[in-house]
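Here's the structure, in structure tokens; my notes come after.
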Amino acid sequence: MPKCLVCYKWTLDEQDIKIKPEDLSLDSSRAKGKISDFDRNAVEEAALIVEKEGGAVEVLSYGTAAVKLSLKDVLSRGAEKAHWIADPSAENADAAVTANVLAAAIRKLGPYDLILCGEGSSDLFNQQTAPRLAALLGLPCLSFVQKLTVEGSTVTATRKLEDCQETATVSGPVVISVLSEINKPRIPTLKQVLGAAKKPNEEIKIADLGLKPEDLQPKALRQSVKGFVMQRRNVVYKESSAAENVAKLTASLASEGLC
Amino acid sequence: MAGIFIFSEDSALAKQLLTPALELKASLAQPITAITLSESDAEELAKLGADKVVVLTGGTWAEGFAEAIYSQISKAEGSILLVGGTLRGKHVAAYVAAKLNAGMTTDAKALKIANGKLLATRVLYAGLAVCEEEVALPAVATIRARTFLAPAPAPAAGVVETQSAEADSRITISEVIPTGDKGVDITAATKLVAVGRGFRRKEDLKLAEDLAGVLKAELACTRGIAEDEHWLPIERYIGISGQTVKPELYVAAGLSGQVQHMVGCRESKVIVAINTDERAPIFEAADYGIVGDMYEVLPLLTAALRK
Ligand SMILES: Cc1cc2nc3c(=O)[nH]c(=O)nc-3n(C[C@H](O)[C@H](O)[C@H](O)COP(=O)(O)OP(=O)(O)OC[C@H]3O[C@@H](n4cnc5c(N)ncnc54)[C@H](O)[C@@H]3O)c2cc1C
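Line by line, the protein sequences are chains E and H. Mapping the first sequence onto this note's numbering, position 198 (from 1) lands on 198, and the numbers just tick up by one. Convert by adding 1000 to the 1-based position in the second sequence; the result is the number in this note's numbering.
What follows is the structure, encoded as structure tokens:
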């Protein structure tokens, strides 16, 4: 019966982030938070495994104070207990800091049989957390997993890579990163949402993790963040007659030397 | 701290990595070591500017060499590791970065040294924004295929040595099934017709195939068409987690134009959109567009171009 831990990130919904035309800076004042897309697949996968094999699902997140907003949502998705670390250092944390903090928390909370993450977060998409955690915790890592089976302590994963599908087997404990196609995350029912309020959540203070100051010092710092704007012609044909639109488009393509 | 290291299990990408490595060598005045798993790549990497090539033997699973690659770099106190940004490469790179307690930039587009740090250009929010990431040395960066061209041969070839390494034995690979249509490299196509979830059935892709036929274009798609519907092989999906393409013409039919997709095709010369929804973001990203039902528009367009 596997004891699972899912690491997830509370991110801004990029669909609500606007680019300010004056200086191309990002306006995220209207952006709401969300559990990073592929992390929802990781939570779902752990919940599915435990429904079948027994065991337990806990979740862990490191973020700024906003991470608390995620608790109800994540607990309504099948997790039994949430651990969270809210610290201002998360604002500028790079993948190294994130992995240092998560690994320290896992050493304190664990051991776990399966540690799951999404392939990459929807904001930075660094795709680093799972292999970094494996390196820090001295565990094997199965990344980019499209299908997962757990039988006793044997974990079998189908990984999907650019040019092949690869089946890999390992005896747990193991760190896993999942692809979005592994499952369809549930839409929590009203009962699950109400139930989430009764589930335990526990804060971990970063000071209690025994980290050195340099472990919290980002090695990669983001600078000069600018919205990307495309220079396009934006000619849109929208007559009611499709034939007319097609004729105009064909003329445009001809003028570009494309047909 | 000395030494610029490169690693890719992909032969073509390994050679491409030498181009940014040689640029970094010019600023750092440090030698380049190429780590490879392929005896046959070694010679070529040495010819193209690697001062030293280390061939690691003892396994075939690239990820299993992460620890061995780490010890090569830590022994030499290397300052930079560039890794080919395949999924296997990203796994290896992140593992090594953690062991080095180093920063790592994912999918770097341009690299230089500034103030004794590695400065890399990359995207955020799946392409909504671009930024420069400043990574303290030792630094790790992954670079995707075709971000750089392979360099011309160097005046003198480097040395090649072979070392046996201990690969990760905890993981057993039982089966490898090659996927996709071999031989079709959509990143090399000069024209692409990309399809999205506006298509209701797999059979309907015929409409796009016909258009591609008259345009002499290849078919491409959004993530959902490849990953969820499995209507087209994953090599054909474009975007942050898929392929990056720069064709002369990119026709986007029945796809909404979300940033995660567009980041993979926004350097196309001309983008054409066909969508029923006038407010779909694809129109902002397009040079020419038709607001309309592609089930009607595509056959008309195919017929018009055939003439
Ligand atoms: C971390 C992350 C990474 C991702 N990476 C990628 C990636 O690499 N590549 C990628 O593609 N996506 C990626 N996605 C998904 C991406 O966000 C979008 O969901 C996806 O690109 C949308 O696919 P679509 O345009 O096919 O579908 P939809 O967004 O559903 O759009 C379908 C469009 O078809 C139009 N339509 C419907 N019927 C018709 C008709 N009859 N005629 C004309 N038009 C019609 C609709 O108006 C609509 O605009 C990623 C998402 C996340 C969170």
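Ideal Cβ positions, reconstructed from N, Cα and C, are used throughout, including at glycine. This one's a predicted model, so the numbers in the text were calculated from it and none came from an experiment.
Within 8 Å of the C-beta of H:His1091 there is not a single heavy atom belonging to ligand 1. Between the stretch 1011 to 1019 of chain H and the stretch 1070 to 1086 of chain H there are three or more C-beta pairs closer than 8 Å, enough to call the two in contact. Taking the Cα positions, H:Val1160 is about 7 Å away from H:Val1055.
For H:Gly1103, at least one C-beta of chain E is nearer than 9 Å to its own C-beta. H:Val1140 has its Cβ no nearer than 8 Å to any heavy atom of ligand 1. Not one heavy atom of ligand 1 is found less than 8 Å from the C-beta of E:Ile35.
For H:Ile1271, the nearest beta carbon of chain E is closer than 9 Å to its own beta carbon. Assigned with DSSP and collapsed to three states, H:Phe1007 falls in strand. For ligand 1, no non-hydrogen atom lies closer than 8 Å to the CB of E:Gln128. Non-local C-beta neighbours of H:Asp1210 in its own chain, meaning closer than 7 Å and more than five positions away in sequence, comprise Thr1302, ordered along the chain. For the pair E:Ser177 and E:Thr129, the CB atoms are nearer than the 9 Å cut-off. Here E:Ser171 carries a strand assignment [DSSP, helix/strand/coil]. When C-beta atoms of the stretch 241 to 259 of chain E are compared with those of the stretch 142 to 151 of chain E, fewer than three pairs fall below 8 Å, so the two segments do not count as touching.
Going by DSSP, H:Gln1072 is part of the alpha helix (DSSP H) stretching over Ala1066 to Ala1076. Secondary structure of E:Asn41 (DSSP, three-state): helix. If you compare the alpha carbons of H:Ile1006, H:Leu1028, H:Ala1189 and H:Leu1022 with that of H:Gly1049, the shortest gap goes to H:Leu1022. DSSP places E:Lys108 within a helical segment (H, G or I) once states are collapsed to three.
Per the coordinates, the alpha-carbon of E:Gly210 lies some 10 Å from the alpha-carbon of E:Val101. If one requires a minimum length of 4 residues, no alpha helix (DSSP H) run lies completely within the stretch 1115 to 1190 of chain H.
Annotation for H:Met1104: the continuous beta strand (DSSP E) segment containing it runs Gly1103 to Thr1105. For ligand 1, a non-hydrogen atom lies closer than 8 Å to the CB of H:Ile1225. For the options E:Pro200, E:Asp123, E:Lys212 and E:Ser28, the alpha carbon positioned closest to that of E:Val97 is the one of E:Lys212. Nearest CB-CB separation between H:Gly1196 and chain E: not below the 9 Å threshold. In the DSSP assignment, the residues bridged to H:Ile1035 are H:Phe1007 and H:Val1054. Relative to ligand 1, even the nearest heavy atom lies 8 Å or more away from the CB of E:Asn41. Contact between H:Val1214 and H:Leu1205 does not hold, since the beta-carbon distance rounds to 15 Å and is not under 8 Å.
In the three-state reduction of the DSSP assignment, E:Gly120 falls in the coil class, being assigned neither a helical nor a strand state. Within the stretch 222 to 237 of chain E, the residues whose Cβ lies closer than 9 Å to any Cβ of chain H are, in chain order, Arg222, Gln223, Ser224, Val225, Lys226, Gly227, Phe228, Met230, Arg232, Arg233, Asn234, Val235, Val236 and Tyr237. Only those residues of the stretch 1158 to 1175 of chain H whose C-beta falls short of 9 Å from the nearest C-beta of chain E are listed: Asp1168, Arg1170, Ile1171, Thr1172, Ile1173, Ser1174 and Glu1175.
E:Leu216 has no beta-bridge partner at all, per DSSP. Judged by DSSP in its simplified three-state form, H:His1230 adopts coil rather than helix or strand. When DSSP reads this structure, E:Asn92 sits in no beta bridge, so it has no partner. By the neighbour-count definition (other C-beta atoms within 10 Å, threshold 16), E:Met1 is an exposed residue. With at least 16 other beta carbons inside 10 angstroms of its own, H:Cys1265 counts as buried.
Fully enclosed alpha helix (DSSP H) runs of no fewer than 4 residues occupy 37 to 53 and 71 to 75 of the stretch 21 to 90 of chain E, in order along the chain. E:Leu71 has a beta carbon lying at 9 Å or more from every beta carbon in chain H.
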